[in-house]
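Start counting the sequence shown at -9; every next residue gets the next number (my numbering).
Each residue gets a CB set at the ideal place from its N, CA and C atoms; glycine is no exception.
Computed from a predicted model, the values in this text were never measured in an experiment.
Working notes, structure below.
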Amino acid sequence: MHSNALLAIRDGRRIRYPRWQFDETSANGVVTGLDIVLAAMDASTFRKAAWLIKPNRHLDDLAPIEALRLGLLARVYAEAKTVASS
């Protein structure tokens, strides 16, 4: 896996990996396409995490991570490219 394969969030001295990014049915154990979507975003780790779990009107009110699980990678990717740190 490359550096954009997972979100790692620092919590004090610990690093946490949000559960919602894992998928035991995928080949590598991570939601398919997550690495592509993460690489498309020019934002902080926290901004990426918040965007991935918040319902998105451009994705029929699905959270982007839910849309990825449904195989809507192209749509999620298009939206991810608009995410930037504020």
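Please work out which residues of its chain come closer than 8 Å, Cβ to Cβ, to residue i, disregarding the five sequence neighbours upstream and downstream, and give them in chain order.
| i | result |
| --- | --- |
| LYS38 | LEU(-3), LEU28, MET31, VAL73 |
| ALA33 | TRP41, VAL73, ALA74, SER75 |
| TYR7 | LEU(-4), LEU(-3), ALA(-2), ILE(-1) |
| LEU60 | LEU52 |
Between which residues of its own chain and residue i is the CB-CB distance below 7 Å, once the five residues before and five after are set aside?
| i | result |
| --- | --- |
| VAL20 | ALA(-5), LEU(-4), GLN11, PHE12, ASP13 |
| GLU69 | ASN46, HIS48, LEU49, PRO54 |
For residue i, list the residues DSSP reports as bridge partners.
| i | result |
| --- | --- |
| ALA74 | ASP32 |
| ILE(-1) | ARG6 |
Please confirm whether residue i and residue j have their CB atoms less than 8 Å apart.
| i | j | result |
| --- | --- | --- |
| ILE26 | TYR67 | yes |
| ARG49 | LEU62 | The residue asked about is misnamed: residue 49 is Leu in this sequence, not Arg. Cβ atoms of LEU49 and LEU62: closer than 8 Å. |
Below 8 Å on the Cβ atoms is my guess for residue i versus residue j; work out the distance and round it to an integer in Å.
| i | j | result |
| --- | --- | --- |
| THR22 | LEU58 | 7 Å |
For residue i, is the classification buried or exposed, using 16 other Cβ atoms within 10 angstroms of its Cβ as the cut-off for buried?
| i | result |
| --- | --- |
| LEU24 | buried |
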